[in-house]
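Written out below as structure tokens is the structure these notes cover.
Number of protein chains: 2
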Amino acid sequence: MSKRIRIKDVATLAGVSTATVSRALSTPESVGPATREKVMEAVKQTGYRINAAARDLRQRRSRSILILAPNLSNTFFSQIFAAVQDEASKAGLTVQISDSRIEGDRLVSLGHDGRADGIILLDGSLPAEVVNGWQVPLVQVSEWNDAYDAPRLGIDNRAATQLAVAHLLDLGHRAIAHVSGPAGNVLAETRRRAFLDAAAERGFDPLVFDADFTLAAGAQAARDWAALHTRPTAVFCASDECALGFMSQCAHLGVHVPRDVSVMGFDDIDFADHFVPSLTTIHQPRNKMGRAATRYLIERMTGADSAPSALDLTDPPIAPTLIERSSTRAVTG
Amino acid sequence: MSKRIRIKDVATLAGVSTATVSRALSTPESVGPATREKVMEAVKQTGYRINAAARDLRQRRSRSILILAPNLSNTFFSQIFAAVQDEASKAGLTVQISDSRIEGDRLVSLGHDGRADGIILLDGSLPAEVVNGWQVPLVQVSEWNDAYDAPRLGIDNRAATQLAVAHLLDLGHRAIAHVSGPAGNVLAETRRRAFLDAAAERGFDPLVFDADFTLAAGAQAARDWAALHTRPTAVFCASDECALGFMSQCAHLGVHVPRDVSVMGFDDIDFADHFVPSLTTIHQPRNKMGRAATRYLIERMTGADSAPSALDLTDPPIAPTLIERSSTRAVTG
DNA sequence: GAATCGGATGTAATCGATTTCATAAGGTGT
DNA sequence: ACACCTTATGAAATCGATTACATCCGATTC
Numbered sequence: 001m002s003k004r005i006r007i008k009d010v011a012t013l014a015g016v017s018t019a020t021v022s023r024a025l026s027t028p029e030s031v032g033p034a035t036r037e038k039v040m041e042a043v044k045q046t047g048y049r050i051n052a053a054a055r056d057l058r059q060r061r062s063r064s065i066l067i068l069a070p071n072l073s074n075t076f077f078s079q080i081f082a083a084v085q086d087e088a089s090k091a092g093l094t095v096q097i098s099d100s101r102i103e104g105d106r107l108v109s110l111g112h113d114g115r116a117d118g119i120i121l122l123d124g125s126l127p128a129e130v131v132n133g134w135q136v137p138l139v140q141v142s143e144w145n146d147a148y149d150a151p152r153l154g155i156d157n158r159a160a161t162q163l164a165v166a167h168l169l170d171l172g173h174r175a176i177a178h179v180s181g182p183a184g185n186v187l188a189e190t191r192r193r194a195f196l197d198a199a200a201e202r203g204f205d206p207l208v209f210d211a212d213f214t215l216a217a218g219a220q221a222a223r224d225w226a227a228l229h230t231r232p233t234a235v236f237c238a239s240d241e242c243a244l245g246f247m248s249q250c251a252h253l254g255v256h257v258p259r260d261v262s263v264m265g266f267d268d269i270d271f272a273d274h275f276v277p278s279l280t281t282i283h284q285p286r287n288k289m290g291r292a293a294t295r296y297l298i299e300r301m302t303g304a305d306s307a308p309s310a311l312d313l314t315d316p317p318i319a320p321t322l323i324e325r326s327s328t329r330a331v332t333g
Numbered sequence: 001m002s003k004r005i006r007i008k009d010v011a012t013l014a015g016v017s018t019a020t021v022s023r024a025l026s027t028p029e030s031v032g033p034a035t036r037e038k039v040m041e042a043v044k045q046t047g048y049r050i051n052a053a054a055r056d057l058r059q060r061r062s063r064s065i066l067i068l069a070p071n072l073s074n075t076f077f078s079q080i081f082a083a084v085q086d087e088a089s090k091a092g093l094t095v096q097i098s099d100s101r102i103e104g105d106r107l108v109s110l111g112h113d114g115r116a117d118g119i120i121l122l123d124g125s126l127p128a129e130v131v132n133g134w135q136v137p138l139v140q141v142s143e144w145n146d147a148y149d150a151p152r153l154g155i156d157n158r159a160a161t162q163l164a165v166a167h168l169l170d171l172g173h174r175a176i177a178h179v180s181g182p183a184g185n186v187l188a189e190t191r192r193r194a195f196l197d198a199a200a201e202r203g204f205d206p207l208v209f210d211a212d213f214t215l216a217a218g219a220q221a222a223r224d225w226a227a228l229h230t231r232p233t234a235v236f237c238a239s240d241e242c243a244l245g246f247m248s249q250c251a252h253l254g255v256h257v258p259r260d261v262s263v264m265g266f267d268d269i270d271f272a273d274h275f276v277p278s279l280t281t282i283h284q285p286r287n288k289m290g291r292a293a294t295r296y297l298i299e300r301m302t303g304a305d306s307a308p309s310a311l312d313l314t315d316p317p318i319a320p321t322l323i324e325r326s327s328t329r330a331v332t333g
């Protein structure tokens, strides 16, 4: 087995000093053409790779950013991962993804141990003292927490909810239910509150089913809904997964969507367009969000700390769009 | 802004040497109780966190494992991520997830730069010379490549395909189509080949639609299928996503599943059970696979290199299971 | 009471790169 | 031909931890 190759080995083989090898690799223009050639040849021959730990230590940075998400198996996040990865790669950065629901002490370390130069946070439910204690640039995406001292990027959930409600009202629905996300989740709370406020303002009859964002919870909500004496004619779910679970259960119960009930989701995940019936929902531009967050973070990481950001994330949040598909329809009769 | 705290600062505050601080943190039993107390107090006061780069450098290991997947936004992988994360956490390891479709040179570095002590590879299409050049323990999950010098963990795709075909034959189908995965993918090729072999052996009429594993490709296959003069009465798709796309398109075309056509998938993703109709498919125990791979890797990372593994991954692959749901039914007439 | 042992702690080497600073070589202007 | 500048390179310090080795001290043994 070949032992690990160090920069010294390359230097010896090329007949130069380690300083020169280092320069040939990181700033090729600063060494003579002949020397550069020799070094490159030696690198190729030995198969040398820079030891990241050593470089990170000396440079006090890691050239990598960390994504923290509460649930790695959630469909919603994966596209953001991909967008971030793509954008970061362009800037020569490595991306690490990690579960944010890890043991406290380990979580604290993440922002201190020098393994990441910046963090994209997709979880609004971490302890604020931990998050604010992190010593690296930070940006919140989708979920947020006002106690965090970090900019945020995401759609306007209140406006989105109003959009959804308006759509259902326009279709003539007057009794509308909301299948809520998990208590304590900022997205869920915001959407629920906006829903109830809209009911008050627009004068319709609200009803809320407590659930979380999952398929199973949506299915349960459908059973609860079906058991009602007078069923609301429309249901606005806090997530697409939940809405799909709801519709799935409806099929089992012999309830037709959208004839018997109109169903709306939130997120516009890939499956929304391919379900039967396809799901009317609120679109979240996850790709755009991921990219913008990454660019912002990179700017904060590399640029002078004082330089005002070209991307002002304190701007009003991204305007949501409603995608009308076939799971909603006008009330008949 | 408080500057970064180094071990030296803690040592000074506690009135001991850096060696003692280091020992108090990593092997508490090796320092006196009084000293330990002082050190812990100083750590708490300063908010000190070990610098990972420095430690990794000195110890020549990173206490972290890397997952490489070809597509971060793929539903199939996410549950494996979660399982690995969970299992690795128990062992005190950090998990990094990265896209395997990155620029070549960066890919080469992954196994050399000391950032990860082990790799879980979910991509069988990387250059063998790169993969085999990596200097860390490696395990393949789900996808594999015979040219890689690494053990593999996954279901028996050939047996799974035979299972699927047998199920459809049992239901009386005699003209069966296969919607294949992308060319070059080892899973796709294996399933396709097993399908064709089964057709030859069992004597039915095979037909193959070229696709990839996506929803969109499944939908396209459905259109192609519908355009046929004589339509196969059953369709075996190489992935669940693809099967769902197929069924979705069927609904648009006014084709009823399973009355007009039986559809099978592969993977048993969460949505399979909640689609309408729910999807008959091959179950892959992703959680179990992720955990087993992680345990194996940890063993190889920590144990003496020579010690024979308790988990023998060279064993025959995991036996697949068929989950019968409502997208398949006996041919009528 | 001397010899020996073991536990707690400190000193300094070490991991493998980058980077500062010094120096040598070569080119330019007067 | 001399002073001066530029460019290419090397020697050595540095990043911040861990750890091999040395040392000190009190306890145990004979």
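Line by line, the protein sequences give chains A and B.
Going by my numbering, the residue at position 108 of the first sequence is 108; the numbering climbs one at a time, nothing skipped.
Going by my numbering, the residue at position 222 of the second sequence is 222; the numbering climbs one at a time, nothing skipped.
Beta carbons: idealized from backbone N, C-alpha and C, even for Gly.
Query                                                                                                                                                          : Result
Skipping 5 residues on each side, what residues in its chain have a beta carbon closer than 6 Å to that of A/TYR48?                                            : ILE5 and VAL10
Is it right to say B/GLN45 is buried, meaning 16 or more other beta carbons lie within 10 angstroms of its own, or is it exposed?                              : exposed
Which of the residues in the stretch 37-52 of chain A, read from start to end, lie with their CB under 8 Å from any CB of chain B?                             : GLY47, ARG49, ILE50, ASN51 and ALA52
How far does the beta strand (DSSP E) with B/GLN96 in it reach, from first residue to last?                                                                    : 94-99
Whose Cβ in chain B lies nearer than 7 Å to the Cβ of A/ASP56?                                                                                                 : ALA53
For a cutoff of 9 Å on Cβ pairs, would you count A/SER306 as touching chain B?                                                                                 : Any reading at A/SER306 needs caution, since the residue's pLDDT is 49, under 50, leaving its predicted position unreliable; the model's value is listed next. No, because no Cβ of chain B sits closer than 9 Å to the Cβ of A/SER306.
When you compare each of A/ARG223, A/ASP197, A/VAL257 and A/GLY172 to A/PHE209 by their alpha carbons, which one comes out closest?                            : A/ARG223
Mind pulling the alpha helix (DSSP H) runs of 4 or more residues that sit fully within the stretch 244-329 of chain B?                                         : 286-302
So, does the CB of B/LEU171 fall closer than 9 Å to a CB anywhere in chain A?                                                                                  : no
Comparing the C-beta of B/LEU72 with each C-beta of chain A, is any distance below 9 Å?                                                                        : yes
Would B/VAL235 and B/SER278 qualify as a contact pair, given that the criterion is a beta-carbon distance under 9 Å?                                           : no
Going along chain B, which residues have a C-beta under 7 Å from A/VAL95?                                                                                      : SER98
Output, in chain order, the set of chain B residues within a Cβ distance shorter than 7 Å of A/ASP270.                                                         : LEU215
In whole angstroms, what separates the C-alpha of B/ALA34 from that of B/LEU121?                                                                               : 47 Å
How would you label A/ARG115, buried or exposed, when you count the other beta carbons within 10 angstroms and need 16 or more for buried?                     : buried
Measuring straight from C-alpha to C-alpha, what distance separates B/ARG101 and B/PRO206?                                                                     : 33 Å
Go through its chain and collect everything with a Cβ distance to B/ARG300's Cβ below 6 Å, but skip five positions before and after it.                        : PRO137
Which two residues bound the contiguous beta strand (DSSP E) that contains A/ILE7?                                                                             : Segment 7-14 is the alpha helix (DSSP H) holding A/ILE7; no beta strand (DSSP E) there.
Taking just the CA atoms, how far does A/ALA54 sit from A/THR20?                                                                                               : 17 Å
Within the stretch 172-241 of chain A, note down every full alpha helix (DSSP H) run reaching 4 residues or more, in order along the chain.                    : 186-202 and 215-226
Since B/ILE318 contacts B/THR75 with CB under 8 Å, what's their CB separation in whole angstroms?                                                              : At roughly 20 Å, the Cβ-Cβ gap does not stay under 8 Å, so B/ILE318 and B/THR75 are not in contact.
Closer than 9 Å, CB to CB, is B/THR328 near chain A or not?                                                                                                    : no
What is the DSSP secondary structure of A/GLY114, reduced to helix, strand or coil?                                                                            : coil
Take B/THR12 and list the residues in its own chain whose beta-carbon comes closer than 6 Å to its own, dropping the five residues that flank it on each side. : none
Alpha carbon to alpha carbon, how far is B/ALA219 from A/GLN135?                                                                                               : 48 Å
I'd like to check one pair, A/GLY203 with A/GLN284: are the Cβ atoms closer than 9 Å?                                                                          : no
In three-state DSSP terms, what is B/SER109?                                                                                                                   : helix
Below 8 Å, can you find three or more Cβ-Cβ pairs linking the stretch 57-70 of chain B to the stretch 50-68 of chain A?                                        : yes
If we ignore side chains and look at the alpha-carbon of each, how far apart do B/SER248 and A/PHE275 end up?                                                  : 6 Å
Round the Cβ separation of B/ALA164 and B/MET264 to the nearest angstrom and send it over; I've been treating them as touching at under 8 Å.                   : 5 Å
Per DSSP, B/VAL55 forms a beta bridge with which residues?                                                                                                     : Just to set this straight, residue 55 of chain B is Arg in the shown sequence, not Val. None, per the DSSP bridge assignment.
Does A/PHE81 get closer than 9 Å to chain B when you measure Cβ to Cβ?                                                                                         : yes
Could you give the first and the last residue of the continuous alpha helix (DSSP H) run that contains B/VAL131?                                               : 128-133
Short of 8 Å in beta carbon distance, which residues of its chain neighbour A/MET1, apart from the five on each side in sequence? Order them along the chain.  : At A/MET1 the pLDDT is 44, less than 50, meaning the model places this residue with poor confidence and gives no usable figure here.
What number of angstroms, rounded off, separates the C-alpha of B/ASN145 from the C-alpha of B/VAL186?                                                         : 7 Å
Apart from the five residues just before and just after B/LEU168, which ones in its own chain have a Cβ nearer than 8 Å to its Cβ?                             : ILE176, ALA234, PHE236, SER262, MET264 and THR328
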